[in-house]
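**Q** Please see the structure below; I have some questions.
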Amino acid sequence: MTPAVAFLETGVIYCDDNLHRLTGFPADCIDLIYLDPPFFSNRYYEVIWGDEAEIRSFEDRWEGGVHVYVGWMRERVMEMRRILKPTGSIYLHCDWHAVHYLKQMMDEVFGDNHFQNEVIWYYRGGGVSPRRWGRRHDTILFYTKGKKWTFNVDPVRDEYSEDVKRSPASRYDKSYRGKKVYEGYRPHPGGKHPDDVWPIQPIMPSAKERLGYPTQKPERLLDRIILASSNEGDVVLDPFAGCGTTLVVAQRQKREWIGIDISPTAVGLMKRRMEKVGARTIKLVGMPVTEAQLRELKPFEFQNWVVQRVHGTHSTKKSGDMGIDGFSFFDHFPIQVKQSDGIGRNVVDNFETAVERSKKPRGTIYGFSFTKGAYEEAARAKAAKGIEIELIEVSKLLGDYADLVTPERRLLVADAPLPEPRPPEARPTVEELVKSDGEPARTSE
Ligand SMILES: C[S@@+](CC[C@H](N)C(=O)[O-])C[C@H]1O[C@@H](n2cnc3c(N)ncnc32)[C@H](O)[C@@H]1O
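So this is what it looks like as structure tokens:
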């Protein structure tokens with residue numbers, strides 16, 4: 073019998089809950105995972121979306137408290153451990169709210185003997201309060217799955233400080249009983265050994281790489297992680313990919329990549345960003361393909377989905393106030409998006425006023441269905457004022473995503489079949505996971 077073969081598809085962005093996707097990955101197939109999950113901060117962020125100063129609220133809250141959050145993370149991290157190669161590495165990005173709980177959870181899942189570093193990303197900006205020190209860092213926990221792992225020091229060496237460069241003391245080795253003991257004082261020609269505090273600018277409002285996605289991380293941060301902890305051709309996974317910073321850097325550094333994000337908005341942004349950096353084969357999996365799925369989207373996801381699907385642009389806050397949600401590609405005609413059925417005459421009437429005020433001859437309303445009155449009102453606007461109001465059912469925008477490219481990037485990962493996604497009750501416990509590859513999860517050191 074020919075053995076079954078499992079492939080891992082790379083160049084893919086999944087739009088889904090990562091837990092669901094991760095359970096379907098073969099074991100031992102990923103070289104590097106970076107994850108930047110939503111933080112446990114119990115608040116809503118008001119964020120600026122895009123260049124046009126539109127305010128969106130971004131939820132970062134957790135019902136049920138930090139233990140529910142950590143449990144939610146643990147389930148996912150256990151799957152990540154399973155799919156990492158024995159030589160793989162994982163970097164978990166945390167802010168101060170839950171880092172101490174997450175560290176303990178990571179020690180349990182990976183074994184505290186596999187903890188390597190607590191990297192401090194030190195940035196400018198952040199909140200200042202007259203009552204405490206400025207909060208100016210995030211923590212990135214670095215673990216490996218096993219005892220051997222990739223770590224390339226040379227591409228991530230730092231510059232020596234001017235003092236060190238000038239100091240004559242840095243040019244001699246001290247010796248004790250004939251043995252060199254202070255070799256570290258001699259500057260390495262390639263630069264200083266990189267340490268665990270990384271002063272890297274956050275994405276400034278004027279930065280070229282800024283997309284307006286809340287929580288976007290700087291490419292320089294991911295450059296360091298990817299260069300040090302993977303080699304060309306390795307597979308890098310970001311299961312909370314956001315607007316795709318990890319994938320962009322992986323592509324540039326000639327790594328294979330896979331991204332997962334639950335938000336269709338994020339996935340749409342990522343696809344465009346990956347195209348810009350020259351990724352030739354990008355496959356999107358799990359984007360809404362039925363009307364029922366569109367009905368389940370959160371209102372702003374639905375709006376973004378429509379605007380992205382027609383290659384439009386989002387409205388500014390000001391034009392949004394007039395009932396305009398976006399503008400069409402090229403002509404910039406107003407767009408309104410309604411996640412509802414039976415859209416009636418009054419909606420068309422109000423939108424007609426908005427189109428008229430924007431001094432455009434034409435606009436489009438997207439919705440699930442329209443009443444007879446809506447069509448009549450549109451015809452009246454055309455006859456009376458020459459304003460064309462197009463009424464389009466969103467089902468017409470569903471399709472086979474024909475603009476997507478079929479991937480050719482499949483890597484042979486194991487001579488075993490791909491598992492079916494497992495239901496929660498069939499997932500292994502930490503103990504079972506650990507037993508399965510013979511590594512102790514915790515040591516008593
Ligand atoms: C902090 S952001 C990541 C930002 C990213 N590092 C970047 O540079 O753009 C967290 C992301 O996780 C996604 N997310 C939240 N829950 C998820 C889940 N269960 N599965 C997959 N993605 C999820 C959110 O949609 C959000 O885009």
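Note that the working numbering has the sequence shown beginning at 73, numbered continuously upward.
Quick reminder that beta carbons are idealized off the backbone N, C-alpha and C, glycines included.
Fair warning: this is a prediction, and the values are worked out from it, not measured in the lab.
So T317 and Q288 are supposed to be a Cβ contact under 8 Å. How far apart are they, rounded?
**A** Mapped onto the sequence shown, residue 317 falls at position 245. Mapped onto the sequence shown, residue 288 falls at position 216. Indeed, because the Cβ distance is near 6 Å, the residues count as touching under 8 Å.
**Q** I275 and L309 - do their beta-carbons sit closer together than 9 Å?
**A** By 1-based counting over the sequence shown, the position of residue 309 is 237. By 1-based counting over the sequence shown, the position of residue 275 is 203. Going by C-beta atoms, L309 is not nearer than 9 Å to I275.
**Q** If distances are taken between C-alpha atoms only, which option among F182, D226, D167 and V181 comes closest to D210?
**A** Here residue 210 refers to the residue found at position 138 when the sequence shown is read from its first residue. Per the Cα distances, D167.
**Q** Using a 10 Å radius around the Cβ and a threshold of 16 neighbouring Cβ atoms, would you call W221 buried or exposed?
**A** The residue labelled residue 221 in the question sits at position 149 within the sequence shown. Under this definition W221 is a buried residue.
**Q** Compute the Euclidean distance between the alpha carbons of P158 and D267, then round it to the nearest angstrom.
**A** One-based indexing of the sequence shown puts residue 158 at position 86. One-based indexing of the sequence shown puts residue 267 at position 195. Looking at the two C-alpha atoms, the distance is approximately 25 Å.
**Q** If we count the other Cβ atoms within 10 Å of its Cβ and call it buried at 16 or more, is E424 buried or exposed?
**A** Along the sequence shown, one-based indexing puts residue 424 at 352. Counting Cβ neighbours within 10 Å, E424 comes out buried, since at least 16 surround it.
**Q** Kindly list the residues whose CB is nearer than 7 Å to the CB of I162, restricted to its own chain and excluding five residues on each side of it in sequence; keep chain order.
**A** Along the sequence shown, one-based indexing puts residue 162 at 90. Cβ within range, chain order: I105, M152, L156 and Y215.
**Q** Per the DSSP calculation, D333 is bridged to which residue(s)?
**A** Position 261 of the sequence shown, counted from the start, is the residue given in the question as residue 333. DSSP, once it has assigned bridges, lists C87 as partnering D333.
**Q** Secondary structure at H98, three-state DSSP: helix, strand or coil?
**A** Here residue 98 corresponds to residue number 26 of the sequence shown, with the count starting at 1. According to the sequence displayed, residue 98 carries Pro and not His. Here P98 sits in coil by DSSP.
**Q** Under 9 Å between the Cβ atoms of A450 and V420?
**A** Indexing the sequence shown from 1 puts residue 450 at position 378. Indexing the sequence shown from 1 puts residue 420 at position 348. Yes. Within cutoff.
**Q** How long is the line joining the alpha carbons of R417 and M145, rounded to whole angstroms?
**A** One-based indexing of the sequence shown puts residue 417 at position 345. One-based indexing of the sequence shown puts residue 145 at position 73. Looking at the two C-alpha atoms, the distance is approximately 47 Å.
**Q** Going by other Cβ atoms of all chains shown within 10 Å of its Cβ, with 16 needed for buried, is R338 buried or exposed?
**A** Here residue 338 corresponds to residue number 266 of the sequence shown, with the count starting at 1. The sequence given here has Ala at residue 338, not Arg. Its Cβ being crowded by 16 or more others within 10 Å, A338 is buried.
**Q** Rank V382, D397, D226 and F399 by C-alpha distance to the C-alpha of L469 and give the top, closest one.
**A** As a working mapping, residue 469 is identified with position 397 in the sequence shown. It is V382 whose Cα lies nearest to the Cα of L469.
**Q** Which residue spans inside the region 376 to 418 form an unbroken alpha helix (DSSP H) run of at least 4?
**A** 389 to 393
**Q** Excluding the five sequence neighbours on either side, which residues of its own chain have a C-beta within less than 7 Å of the C-beta of V321, listed in chain order?
**A** Translated into the one-based positions of the sequence shown, residue 321 becomes position 249. Same-chain partners within the cutoff: E291, L294, D295 and I298.
**Q** On the DSSP bridge assignment, give the partners of R434 in chain order.
**A** One-based indexing of the sequence shown puts residue 434 at position 362. Note: R434 sits in a beta bridge opposite E460.
**Q** Can we count I272 as close to ligand 1, meaning its CB is less than 8 Å from some heavy atom?
**A** Your numbering for residue 272 matches position 200 in the sequence shown. No, ligand 1 has no heavy atom inside 8 Å of this Cβ.
**Q** If we ignore side chains and look at the alpha-carbon of each, how far apart do S412 and E460 end up?
**A** Taking the first residue of the sequence shown as position 1, residue 412 is located at position 340. Taking the first residue of the sequence shown as position 1, residue 460 is located at position 388. Approximately 21 Å, taken between the alpha carbons.
**Q** Using the C-alpha atoms, what's the distance from K219 back to H186?
**A** Counted from its first residue, the sequence shown places residue 186 at position 114. Counted from its first residue, the sequence shown places residue 219 at position 147. Rounded to the nearest angstrom, the two C-alpha atoms are 7 Å apart.
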